[in-house]
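**Student:** Can you read through this structure? Questions will come right after.
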Amino acid sequence: MTDTFVTPQKRTIAYHLTDGTGPMVVFLGGFKSDMTGTKAVFLEGWAKKAGRAFLRFDYSGHGESSGVFEDCCIGDWFDDATAMLDLIAGPVVLVGSSMGGWISLQIARAMPRRVAGLVTIAAAPDFTEDGFWATFDDAQKAELEAEGRVAVPSEYGDPYIITKRLIEEGRDRFVLRKTLALPFAVRFLQGTADTSVPTATALKLFEHADGKDMRLTLVDGADHSFSDGACLELIVASIEEVLASR
1 MTDTFVTPQK
11 RTIAYHLTDG
21 TGPMVVFLGG
31 FKSDMTGTKA
41 VFLEGWAKKA
51 GRAFLRFDYS
61 GHGESSGVFE
71 DCCIGDWFDD
81 ATAMLDLIAG
91 PVVLVGSSMG
101 GWISLQIARA
111 MPRRVAGLVT
121 IAAAPDFTED
131 GFWATFDDAQ
141 KAELEAEGRV
151 AVPSEYGDPY
161 IITKRLIEEG
171 RDRFVLRKTL
181 ALPFAVRFLQ
191 GTADTSVPTA
201 TALKLFEHAD
211 GKDMRLTLVD
221 GADHSFSDGA
231 CLELIVASIE
241 EVLASR
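Here the sequence shown is numbered in full-length UniProt numbering, starting from 1 and rising by one per residue.
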């Protein structure tokens, strides 16, 4: 059953909470993804079998949560995630997919004492700048400035509507341009056939972050979804490694 929570910003966030032993594993989804995705549901099933506490949720403007996607930005989704953590007592293991990887890195920097470990899947740090703005041509940049938004083709269906607010606010959220200490076990996972987040981004993140127990695993031929059977089992194994390292 879906529960809801109203954040301090008055956004209604839909979530599923599985009771079990801690640290709780918290799944943070990607850009325009929701908590019914393959990875989120698979990990919930694993958590139930393992007796592990687990949380999946929809950011505002996503899935069953309130709000309009185009009205939101990275900071809003970061606030949604940190508000959800207020529901949880004790440390958490964050599992961040794509944009969720960026948000999980922000959480790790903002509240490192709450984080017991981190697993990222095709993490997309700073993607509003490096993935969108850096690839916009002059016409797209002019449209963004004049109209406040621009449509960008997506291989996942309808075009993404990228707003000026999303781009500008994202510049306050960078993690690759500032010190990034990760003082806990970290497992970065990345597919070599990912056309949304290049392998170079994973390598850059791995080289930039500062931690004593970090590993980057490249999976030959895996795409951005990272959702076939072998990839899902690798995610679970990575979570279990992080939990065992505590």
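All C-beta atoms, glycine included, are put in the ideal place defined by N, C-alpha and C.
Helix or strand or just coil, what does DSSP make of valine 92?
**Tutor:** If you number the sequence shown from 1, residue 92 lands on position 92. Valine 92 falls in the strand class under three-state DSSP.
**Student:** I'd like to check one pair, leucine 176 with leucine 205: are the Cβ atoms closer than 8 Å?
**Tutor:** Position 205 of the sequence shown, counted from the first residue, corresponds to residue 205. Position 176 of the sequence shown, counted from the first residue, corresponds to residue 176. Against a cut-off of 8 Å, the Cβ pair of leucine 176 and leucine 205 comes out as a contact.
**Student:** Report the option in Ser245, Gly100, Gly101 whose CA atom is closest to the CA atom of proline 183.
**Tutor:** Stepping through the sequence shown from its first residue, residue 183 is reached at position 183. Nearest of Ser245, Gly100, Gly101 to proline 183, Cα basis: Ser245.
**Student:** Tell me, please, which residues DSSP counts as bridged to aspartate 210.
**Tutor:** Along the sequence shown, one-based indexing puts residue 210 at 210. DSSP output for aspartate 210 lists Ala181 as bridge partner(s).
**Student:** Between the Cα of aspartate 19 and those of Thr36, Leu28, Met35, Met1, spot the shortest distance and give me the residue it belongs to.
**Tutor:** If you number the sequence shown from 1, residue 19 lands on position 19. Checked all of Thr36, Leu28, Met35, Met1; the closest Cα to aspartate 19 is Met1.
**Student:** Okay, do the segment 104-121 and the segment 181-201 touch, 3+ Cβ pairs below 8 Å being the bar?
**Tutor:** yes
**Student:** Put glutamine 190 into one of helix, strand or coil per three-state DSSP.
**Tutor:** As a working mapping, residue 190 is identified with position 190 in the sequence shown. Judged by DSSP in its simplified three-state form, glutamine 190 adopts strand.
**Student:** Shortest alpha-carbon distance to alanine 146 belongs to which of Arg165, Thr38, Gly51, Thr128?
**Tutor:** Within the sequence shown, numbered from 1, the residue matching residue 146 stands at position 146. The option with the nearest alpha carbon to alanine 146 is Arg165.
**Student:** For the alpha helix (DSSP H) containing arginine 109, name the first residue and the last one.
**Tutor:** For this step, residue 109 is matched to residue 109 along the sequence shown. Arginine 109 -> alpha helix (DSSP H) spans 99-110.
**Student:** Can you look up serine 238 in the DSSP assignment and give me helix, strand or coil?
**Tutor:** Position 238 of the sequence shown, counted from the start, is the residue given in the question as residue 238. Three-state DSSP puts serine 238 in a helix.
**Student:** When DSSP labels each residue in this structure, what does leucine 17 get in the three-state scheme?
**Tutor:** By 1-based counting over the sequence shown, the position of residue 17 is 17. Correct three-state label for leucine 17: strand.
**Student:** Can you give me the C-alpha to C-alpha distance between aspartate 76 and serine 60, rounded to a whole angstrom?
**Tutor:** Position 76 of the sequence shown, counting from 1, holds the residue named residue 76. Position 60 of the sequence shown, counting from 1, holds the residue named residue 60. Roughly 8 Å separates the two Cα atoms.
**Student:** Are the CB atoms of glycine 221 and alanine 193 nearer to each other than 8 Å?
**Tutor:** On the sequence shown, position 221 is the one that residue 221 refers to. On the sequence shown, position 193 is the one that residue 193 refers to. In contact: glycine 221 and alanine 193 (Cβ atoms closer than 8 Å).
**Student:** Ignore the nearest five residues each way along the sequence and tell me which others in serine 227's own chain have a CB closer than 7 Å to its CB.
**Tutor:** Along the sequence shown, one-based indexing puts residue 227 at 227. Same-chain partners within the cutoff: Thr38, Lys39.
**Student:** Residues in the same chain with beta-carbon distance under 7 Å from lysine 48, minus the five sequence neighbours each way, listed in chain order, please.
**Tutor:** Translated into the one-based positions of the sequence shown, residue 48 becomes position 48. Here the set comprises Thr18.
**Student:** To the nearest angstrom, report how far apart valine 236 and glutamate 143 are at their CA atoms.
**Tutor:** Here residue 236 corresponds to residue number 236 of the sequence shown, with the count starting at 1. Here residue 143 corresponds to residue number 143 of the sequence shown, with the count starting at 1. Put simply, the backbone Cα of valine 236 is about 43 Å away from that of glutamate 143.
**Student:** In chain order, what residues of the same chain have a beta carbon less than 8 Å from the beta carbon of aspartate 58, not counting five sequence neighbours either side?
**Tutor:** Taking the sequence shown and counting its residues from 1, the one referred to as residue 58 is at position 58. Result list for aspartate 58: Ile13, Ala14, Tyr15, Gly29, Asp34, Met35, Glu64, Ser65, in chain order.
**Student:** What is the DSSP secondary structure of methionine 84, counted as helix, strand or coil?
**Tutor:** Residue numbering aside, residue 84 sits at position 84 when the sequence shown is read from its first letter. Of the three classes helix, strand and coil, the one that applies to methionine 84 here is helix, per DSSP.
**Student:** Taking the alpha helix (DSSP H) that leucine 144 belongs to, which residues open and close that run?
**Tutor:** Your numbering for residue 144 matches position 144 in the sequence shown. 138-147 is the span of the alpha helix (DSSP H), which, as asked, contains leucine 144.
**Student:** Pull up the DSSP beta-bridge partners for valine 150, would you.
**Tutor:** As a working note, residue 150 is residue 150 in the sequence shown. Its beta-bridge partners are Ile162.
**Student:** Could you tell me which residues DSSP puts in a beta bridge with aspartate 3?
**Tutor:** Sequence index remark: in the sequence shown, residue 3 carries index 3 (1-based). According to DSSP, aspartate 3 bridges with Tyr15.
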